[in-house]
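Chemist:
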Amino acid sequence: MKIAIDIDDTLNVIERARYAAAYIQKEGLPFRVVDPFANAFVRVCDWREEDVIRFIGAGGAAAFMEALPREGAQKTLCRWKEAGHTIVILTARLKSWFGDPYAISYEWLKRYDFPFDELVADCEEKGKYCKEHKVDVLIDDNLTHCRSAKEHGVTPVLAVCKATEAFRGEFEYVGEDWEGIAACVAKIAERKGERA
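Read in order, the letters of the sequence shown are residues 8 to 203 in our numbering.
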């Protein structure tokens with residue numbers, strides 16, 4: 008199978024509230040953390056996208072570079088790679104935020120020894136991308152991307168986090184951790200007559 012996997016809050020855990028609060032305090036800004044569990048910086052604080060872009064440029068990108076892998080993620084991808092699956096890392100990290108989202112994503116993946124066949128950055132339309140590139144499964148924590156995959160005939164696996172917990176019933180396949188995600192992919196592979 009061809010499996011596409013998101014990075015942020017899927018392969019790793021981003022401590023957005025901690026980094027945002029430290030930046031706000033250091034800079035003496037009038038913003039406050041409004042959703043410490045949001046899985047996007049624009050929803051963590053009562054700020055605008057342009058404020059987030061300034062934050063990223065002023066060192067906030069460290070939140071992504073210093074993020075630790077989710078337990079079991081790297082080993083699961085290694086097993087899938089050894090089983091012959093094609094691994095596509097698909098991130099919506101934007102050029103307007105990161106300058107070179109491919110480079111910072113590649114560096115992080117290599118630092119933690121994640122296997123992959125392709126890395127695609129700055130991908131805002133993951134469902135469409137997956138359909139056009141014949142991806143079988145998309146693993147992502149983002150509801151919009153999982154819904155888009157489903158609409159495009161690609162099987163989504165929702166990587167559940169606190170921000171998406173309430174929506175788990177919307178998808179056939181959900182995993183709270185990488186053991187659960189791997190079990191979902193195994194069921195999908197079995198339905199396709201493959202092994203995961």
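Cβ coordinates follow ideal geometry from the N, Cα and C atoms, glycine included.
(1) Within 10 angstroms of its Cβ, does A110 collect 16 or more other Cβ (buried), or is it exposed?
(2) Leaving out five residues on either side along the sequence, give the residues of the same chain with a beta carbon under 7 Å from the beta carbon of Y119.
(3) DSSP three-state label for K157, please.
(4) Does the beta-carbon of A74 have 16 or more other beta-carbons within 10 angstroms, so that it is buried, or is it exposed?
(5) Okay, do the segment 38-53 and the segment 11-26 touch, 3+ Cβ pairs below 8 Å being the bar?
(6) Give me whichever residues DSSP pairs with C168 in a beta bridge.
(7) On the three-state DSSP scale, how would you describe A11?
(8) Under DSSP, the beta strand (DSSP E) around V41 begins and ends at which residues?
(9) Buried or exposed for K169, going by 16 or more other Cβ atoms inside 10 Å?
(10) Secondary structure at L97, three-state DSSP: helix, strand or coil?
(11) Beta strand (DSSP E) containing E125: first to last residue?
(12) Hey, which unbroken runs of the beta strand (DSSP E) at 3 residues or more fall wholly within the segment 104-155?
(13) Considering only residues of the same chain and omitting the five flanking positions on each side of K102, which have a CB-CB separation below 7 Å?
(14) Assuming contact is defined by CB atoms lying nearer than 8 Å, are K199 and M72 in contact in what I supplied?
(15) Since Y180 contacts V164 with CB under 8 Å, what's their CB separation in whole angstroms?
(16) Taking the alpha helix (DSSP H) that K33 belongs to, which residues open and close that run?
Modeler: The short version:
(1) exposed
(2) P76 and Q81
(3) helix
(4) buried
(5) yes
(6) Paired residues: none, contrary to the question.
(7) strand
(8) From DSSP, V41 is part of no beta strand (DSSP E); its letter is neither H nor E.
(9) exposed
(10) strand
(11) E125 to V127
(12) 125-127 and 144-147
(13) P108 and D129
(14) no
(15) 4 Å
(16) R23 to E34
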